[in-house]
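Top to bottom, those sequences are chains A and B.
Counting from 1 along the first sequence, just add 1 to a position and that's the residue number in my numbering.
Counting from 1 along the second sequence, just add 1 to a position and that's the residue number in my numbering.
Note that the Cβ used here is the ideal one computed from N, Cα and C, for glycine as well.
Here is the structure we will look at.
Protein chains: 2
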Amino acid sequence: MNKIITIGREFGSGGREFGRKLAELLAFPYYDREIIAEIAKRTSLSEKYVQNIAEHKPVIPFPIHTGRTFWAVMPDYGQSVQSEQHNIIREVASKSDCVIVGRGADYILREYQPFRIFVYSDMETKITRCRENQSNDYEQSEMTDKELSRRIEQINKSRADYYEFYTGQKWGDKSNYDLLVNTSFIKPDKLAEAVKLVISN
Amino acid sequence: MNKIITIGREFGSGGREFGRKLAELLAFPYYDREIIAEIAKRTSLSEKYVQNIAEHKPVIPFPIHTGRTFWAVMPDYGQSVQSEQHNIIREVASKSDCVIVGRGADYILREYQPFRIFVYSDMETKITRCRENQSNDYEQSEMTDKELSRRIEQINKSRADYYEFYTGQKWGDKSNYDLLVNTSFIKPDKLAEAVKLVISN
């Protein structure tokens, strides 16, 4: 069975940087935005639109209650984007060892018994990281720290909602992970080396 | 300022073995039961009695409510054991770098900005570990898996209560730690090497 490493991450805690480094050290393929690009290709929707749908729990236009069961009716695009995302995650896992960031992959691939990592950090570190990476984000560069902090909280709330909607598990709760790391004081490179050491036989 | 590493641990998840190995690799003094022995020496109480008091939140014989404030009145021994434990933890931290297991040391020593680790594991692993270490525990060796599982849960409930009573924080919640590790599939030796790598400059 292929060795799968999944990385859940709070926005601003360096999950992508760490994941890339880890994949490089292990010589594993790395999947993050690549999944969005592939969905866009398969559905002929724009990447921006796909990303918006693929990373949010559905807005439910017609909630239907049947007894105690609650059914979510998604717009057609939402269903096909989620379904493609699920298929692609399963396809890449079946092809080879890999590192997958976000998207509830830890849950979707649970029968692979992936090594499930979650990275988080304090707000000060998140803000600093966002400022460093904001060169292309005009809107963000104009924000005060308070506004940016609120924006980061919103994004993380949305990630938590997405994860909880699709997995029925609590995002960032240790019972769903093998390793949780506060990246406020740990460099992504060093963390990647340590994880490589831990998972090697 | 001395480098302090604190280890919170679920009973049965190998915290002691990991802590000893980490202290050995770093050449740091290691404090766990040593603290109990020192309290016993200072208070002239037996080690067994001290351990029982030092690891449980107080039984409150006379709860007093004053407005919305709740005061815990502990028996004299309880107060002096807790107070000695607090003093000893602060003394050892002020003396040199060290590894301290349990006892809310992460909170007591917060101004040192310790590297705060929490180890946990699934129940199956806990039971296996307890069986391996039970050679001197007649009572435990007679238990069925179900009885042992209940016993492990009780001990961990008691550790959570103790931590929450003295720190006001949630035991095992990632917001209070820098690294949380599920030790179900990771050997203590390997984890110690990885942590050494992460905390080295």
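Taking the C-beta atoms as reference points, Leu180 of chain B is found nearer than 9 Å to Phe116 of chain B. The alpha-carbon separation between Thr145 of chain A and Glu125 of chain B amounts to approximately 49 Å. Under a criterion of Cβ atoms nearer than 7 Å, no residue of chain A is adjacent to Asn3 of chain B; the nearest Cβ is some 16 Å distant.
With a cutoff of 9 Å on beta-carbon distance, Ile5 of chain B and Tyr113 of chain B are scored as near each other. Between the segment 82 to 91 of chain A and the segment 30 to 46 of chain A, the count of C-beta pairs closer than 8 Å reaches three or more; the two stretches touch. Between Gly173 of chain B and Lys171 of chain A, the C-beta spacing is not below 9 Å. Going by DSSP, Asn183 of chain A is part of the beta strand (DSSP E) stretching over 180 to 183. With the criterion set as a beta carbon lying under 9 Å from some beta carbon of chain A, the segment 74 to 108 of chain B has no members that meet it. Here DSSP, grouped into helix, strand and coil, assigns Phe29 of chain B to coil. Within the same chain, Asn3, Pro30 come within 7 Å of Ser97 of chain A by CB-CB distance, once the 5 residues on both sides are set aside.
Residue-level contact check: Glu125 of chain B does not touch chain A, since none of the beta carbons of chain A fall below 9 Å from its beta carbon.
As for any beta strand (DSSP E) of minimum length 3 sitting wholly inside the segment 127 to 187 of chain B, the runs are 180 to 183, ordered along the chain. In this structure, the straight-line span from the alpha carbon of Ala41 of chain A to that of Leu198 of chain B is close to 40 Å.
One Cα belongs to Ala55 of chain A, the other to Asn157 of chain A, and the distance between them is close to 15 Å.
DSSP lists B:Phe119 as the beta-bridge partner residues of Gly9 of chain B. Shown here for Gln86 of chain A: same chain residues with a beta carbon closer than 7 Å to its own, the five before and five after excluded, namely Ile36, Ile40, Ala55, Arg104 in chain order. Spatial neighbours of Gly13 of chain B in its own chain (CB-CB distance under 6 Å, excluding positions within 5 residues in sequence) are listed in chain order as Lys127, Arg130, Cys131, Ile153. Between Ile118 of chain A and Ile187 of chain A, the C-beta spacing is not below 9 Å. According to the DSSP secondary-structure assignment, Ile101 of chain B is paired through a beta bridge with B:Thr7, B:Tyr32.
Of all residues in the segment 29 to 46 of chain B, none places a beta-carbon less than 9 Å from a beta-carbon of chain A. For Ala195 of chain A, the neighbours in chain B by C-beta distance under 7 Å run, in chain order, Ala195, Leu198, Val199. For Gly15 of chain A against Val100 of chain A, the beta-carbon gap comes to about 14 Å, at or over 8 Å, which does not count as contact.
DSSP places Glu18 of chain A within a helical segment (H, G or I) once states are collapsed to three. For Val82 of chain A, same chain residues with a beta-carbon under 8 Å away, outside a window of 5 residues either side, are Ile40, Thr44, Leu46, Val51, Ile54, Ala55 in chain order. For Gly173 of chain A, the chain B residues whose C-beta falls within less than 8 Å of its own C-beta are Lys175, listed in chain order.
Residues of chain A with a Cβ closer than 8 Å to the Cβ of Val120 of chain B do not exist; the shortest Cβ-Cβ separation is about 10 Å. For Pro59 of chain A, the secondary structure class from DSSP, reduced to helix, strand or coil, is coil. When the beta-carbon positions are compared, Val196 of chain A and Leu23 of chain A come within less than 9 Å of each other. Contact annotation for Asn183 of chain A against chain B: Lys175, Tyr178, Asp179, Leu180 [CB-CB distance below 8 Å, chain order]. At least one CB of chain B lies nearer than 9 Å to the CB of Ile187 of chain A.
Here the alpha carbon of Arg151 of chain A sits roughly 14 Å from the alpha carbon of Glu140 of chain A. For Leu27 of chain A, there are no neighbours in chain B by C-beta distance under 7 Å, as the nearest C-beta there is about 14 Å away. At a beta-carbon threshold of 7 Å, the residues of chain B lying near Lys191 of chain A are Leu198, Val199, ordered along the chain.
Looking at B:Tyr32, B:Arg17, B:Ala106, B:Glu148, the one whose alpha-carbon comes closest to that of Glu165 of chain B is B:Ala106. Between Ser185 of chain A and Ser122 of chain A, the C-beta spacing is below 9 Å.
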